[in-house]
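**Q**
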Amino acid sequence: MIYTITCNPALDCTVRLGKLNQGAINYVDGCVMTPGGKGVNVSRVLTALGEPNTALGFVAGSNGGMLESALQKMGLCTAFTHLDEGQTRINVKLYGAVETELNAPGAPVPTEAMARLLHQLDGLSLQPENIVCVCGSRAPGMGVEAYRQMIADMGCRVVVDTSGEALLCTLAEKPWLIKPNREELEALTGRALLTMETVIAAAQELMAQGAQNVLVSLGGDGAVLCAADGTRLYQPAPDGTVVGTVGAGDSLVAGFVAGYTRTGTMAEALRLGVACGSATAFAEGLADKPDILSALQWLPKMKEL
Numbered sequence: 015m016i017y018t019i020t021c022n023p024a025l026d027c028t029v030r031l032g033k034l035n036q037g038a039i040n041y042v043d044g045c046v047m048t049p050g051g052k053g054v055n056v057s058r059v060l061t062a063l064g065e066p067n068t069a070l071g072f073v074a075g076s077n078g079g080m081l082e083s084a085l086q087k088m089g090l091c092t093a094f095t096h097l098d099e100g101q102t103r104i105n106v107k108l109y110g111a112v113e114t115e116l117n118a119p120g121a122p123v124p125t126e127a128m129a130r131l132l133h134q135l136d137g138l139s140l141q142p143e144n145i146v147c148v149c150g151s152r153a154p155g156m157g158v159e160a161y162r163q164m165i166a167d168m169g170c171r172v173v174v175d176t177s178g179e180a181l182l183c184t185l186a187e188k189p190w191l192i193k194p195n196r197e198e199l200e201a202l203t204g205r206a207l208l209t210m211e212t213v214i215a216a217a218q219e220l221m222a223q224g225a226q227n228v229l230v231s232l233g234g235d236g237a238v239l240c241a242a243d244g245t246r247l248y249q250p251a252p253d254g255t256v257v258g259t260v261g262a263g264d265s266l267v268a269g270f271v272a273g274y275t276r277t278g279t280m281a282e283a284l285r286l287g288v289a290c291g292s293a294t295a296f297a298e299g300l301a302d303k304p305d306i307l308s309a310l311q312w313l314p315k316m317k318e319l
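Just so you know, the numbering used here puts 268 at position 254 of the sequence shown, and the rest follows in order with no gaps.
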């Protein structure tokens, strides 16, 4: 079984407009409200691929109820921890001349709610073959060590997709996979990563601190994987017209996890991951299975570095 944990999910309001005129009334070309948050997106793409999974995390208020209900209507299995106060956030994604995101802070997570989630995780009886994906930003009220506390002694494969100090803190628990993008990796190392060699060197620094495998998303250039056995694989992205990048990195994680679950090989996991990420970048919203299969067909040849 695959589990995703999203501590700060959202209802994403996606707005399309030709041009944003500040200080004036703007009439949009379209507006869609969908469940969002990095782990939620991973669960949605896993479900599109036919991989059973359960979405965990925190939801709050009527917004949280809408989010959970929408996911269930999509066929997802959910088991969120409900907060007694606050509202699940609403984020605005503006698509126009440039892509702009307005992300709200989210509902605060009190200590007792965190304790309830940890108790829920303890009750899952996780096995070594299970995969738990901890994705996205920490909610207000959660300390920098929260994700480390969450994954300690899980006894299964743990995927961490967050950034900054929250990511660095998890490395002591030796997560099976972490997934920074190039910009996040640059922020962690404090230097520009302009070549594949510098990206790999930075990934290996995180491996030296505890990460078993590091998957670096490179946007339109695909992704590179530095594996625990010393293998370094680069999968370029297929050609296509980018519609939007929101959720592309999450789709990469979902495809990687699904590919590894099916084949047990890092190479096939990377292929499916890049196909999923590219398909979402080429689509309106998250990619569906036909989009993914099409992108998979047009993947360039993988390279071993």
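Beta carbons: idealized from backbone N, C-alpha and C, even for Gly.
Tell me the residue span of the alpha helix (DSSP H) that contains Ala210.
**A** The count along the sequence shown starts at 1 and reaches residue 210 at position 196. A quick correction: the sequence has Met, not Ala, at residue 210. Its alpha helix (DSSP H) spans residues Met210 to Ala222.
**Q** Using a Cβ-Cβ cutoff of less than 8 Å, which residues in the same chain neighbour Val29 once the five nearest sequence positions on both sides are dropped?
**A** Here residue 29 is taken as the residue at index 15 of the sequence shown, counted from 1. So the list reads Val42, Gly44, Cys45, Val106, Lys107, Leu108 and Tyr109, once near-sequence residues are dropped.
**Q** So, with DSSP's three-state summary, where would you put Phe94?
**A** One-based indexing of the sequence shown puts residue 94 at position 80. Residue state, collapsed to three classes: coil.
**Q** Is the CB-CB distance between Val174 and Leu181 below 8 Å?
**A** Your numbering for residue 174 matches position 160 in the sequence shown. Your numbering for residue 181 matches position 167 in the sequence shown. Closer than 8 Å, so yes.
**Q** Is it right to say Asp167 is buried, meaning 16 or more other beta carbons lie within 10 angstroms of its own, or is it exposed?
**A** Taking the first residue of the sequence shown as 1, we reach residue 167 at position 153. By the 10 Å Cβ count, Asp167 comes out exposed.
**Q** Quick one: measure Cβ to Cβ for Val146 and Val172, integer angstroms, because I've assumed they're closer than 8 Å.
**A** Stepping through the sequence shown from its first residue, residue 146 is reached at position 132. Stepping through the sequence shown from its first residue, residue 172 is reached at position 158. The pair is a contact, with the Cβ atoms about 5 Å apart (cut-off 8 Å).
**Q** Just confirm the distance between the C-beta atoms of Asn22 and Gly120, as a whole number of angstroms; I'd bet it's less than 8 Å.
**A** Walking along the sequence shown from the start, residue 22 turns up at place 8. Walking along the sequence shown from the start, residue 120 turns up at place 106. Indeed, because the Cβ distance is near 4 Å, the residues count as touching under 8 Å.
**Q** Please list the terminal residues of the continuous alpha helix (DSSP H) segment that includes Gly32.
**A** Indexing the sequence shown from 1 puts residue 32 at position 18. From DSSP, Gly32 is part of no alpha helix (DSSP H); its letter is neither H nor E.
**Q** Would you mind working out which of Val56, Thr125 and Ala74 sits nearest Cys91, comparing C-alpha positions?
**A** The count along the sequence shown starts at 1 and reaches residue 91 at position 77. That would be Val56, whose Cα lies nearest to the Cα of Cys91.
**Q** Within 10 angstroms of its Cβ, does Arg323 collect 16 or more other Cβ (buried), or is it exposed?
**A** Because the chain is modelled from 15 through 319, residue 323 falls outside the range shown and cannot be assessed.
**Q** Going straight from the alpha carbon of Ala301 to that of Thr255, what length do you get?
**A** Against the sequence shown, residue 301 aligns to sequence position 287. Against the sequence shown, residue 255 aligns to sequence position 241. If I take the Cα positions, the gap works out to 14 Å.
**Q** Can Val288 and Gly236 be called in contact, C-beta distance under 8 Å?
**A** Along the sequence shown, one-based indexing puts residue 288 at 274. Along the sequence shown, one-based indexing puts residue 236 at 222. In this structure, Gly236 lies closer than 8 Å to Val288 by Cβ.
**Q** Where does Asn77 land, buried or exposed, given buried means 16+ other C-beta within 10 angstroms?
**A** Here the question's residue 77 lines up with position 63 in the sequence shown. Buried is the call here.
**Q** Residues bridged to Asp145 by DSSP?
**A** The residue you call residue 145 lines up with position 131 of the sequence shown. Note on residue identity: the sequence assigns Ile, not Asp, to residue 145. Paired residue(s): Ile16 and Arg171.
**Q** On the three-pair Cβ rule with 8 Å, is the segment 280–296 touching the segment 142–159?
**A** Segments in contact, no.
**Q** Taking all protein chains shown into account, do 16 or more other C-beta atoms lie within 10 angstroms of the C-beta of Glu126, making it buried, or fewer, making it exposed?
**A** Taking the sequence shown and counting its residues from 1, one reaches residue 126 at position 112. It is exposed - the Cβ of Glu126 has fewer than 16 other Cβ atoms within 10 Å.
**Q** Is the distance from the Cβ of Leu313 to the Cβ of Ile214 below 8 Å?
**A** Your numbering for residue 313 matches position 299 in the sequence shown. Your numbering for residue 214 matches position 200 in the sequence shown. No. Outside cutoff.
**Q** Would you grab the beta carbon distance between Met164 and Leu191 for me? Rounded to a whole angstrom, and I think it's under 8 Å.
**A** As a working note, residue 164 is residue 150 in the sequence shown. As a working note, residue 191 is residue 177 in the sequence shown. With a Cβ gap of about 16 Å, Met164 and Leu191 do not count as contacting.
**Q** Please determine, among Asp305, Gly71 and Val148, the residue with the shortest C-alpha to C-alpha distance to Leu63.
**A** The sequence position of residue 63 within the sequence shown is 49, counting from 1. It is Asp305 whose Cα lies nearest to the Cα of Leu63.
**Q** Excluding the five sequence neighbours on either side, which residues of its own chain have a C-beta within less than 6 Å of the C-beta of Tyr161, listed in chain order?
**A** Locating residue 161 in the sequence shown gives position 147, where the first residue counts as 1. The answer, listed in chain order, is Val148, Ala180 and Thr184.
**Q** Got a sec, what are the start and stop residues for the alpha helix (DSSP H) Cys290 sits in?
**A** By 1-based counting over the sequence shown, the position of residue 290 is 276. Met280 to Ala295 is the span of the alpha helix (DSSP H), which, as asked, contains Cys290.
**Q** Per DSSP, which residues does Phe72 bridge with? Please list them.
**A** If you number the sequence shown from 1, residue 72 lands on position 58. Partner(s): Thr95.
**Q** Locate the beta strand (DSSP E) running through Thr48, then write down its first and last residues.
**A** Stepping through the sequence shown from its first residue, residue 48 is reached at position 34. Looking at the DSSP string, the run of the beta strand (DSSP E) that includes Thr48 is Gly44 to Gly50.
**Q** When DSSP labels each residue in this structure, what does Arg246 get in the three-state scheme?
**A** As a first step, residue 246 must be located in the sequence shown, where it is residue number 232. Three-state result, Arg246: strand.
**Q** Is the beta carbon of Lys52 sitting closer than 8 Å to the one on Asp253?
**A** For the purposes of this step, residue 52 is identified with residue 38 of the sequence shown, where counting begins at 1. For the purposes of this step, residue 253 is identified with residue 239 of the sequence shown, where counting begins at 1. Cβ distance not < 8 Å, so Lys52 and Asp253 don't count as in contact.
**Q** According to DSSP, is Cys183 part of a helix, a strand, or is it coil?
**A** Taking the first residue of the sequence shown as 1, we reach residue 183 at position 169. Helix at Cys183.
**Q** Could you check if Leu307 is buried or exposed, using at least 16 other CB atoms within 10 Å of its CB as the buried criterion?
**A** As a working note, residue 307 is residue 293 in the sequence shown. Exposed, since its Cβ has fewer than 16 Cβ neighbours within 10 Å.
**Q** Less than 6 Å between C-beta atoms, sequence neighbours within five positions excluded: which residues of the same chain meet that for Leu368?
**A** The chain is shown from 15 up to 319; residue 368 falls before or after that span and cannot be answered.
**Q** Out of Arg58, Ile19 and Ser177, which one is the CA nearest neighbour of Thr203?
**A** Counted from its first residue, the sequence shown places residue 203 at position 189. The shortest C-alpha separation from Thr203 is found at Ser177.
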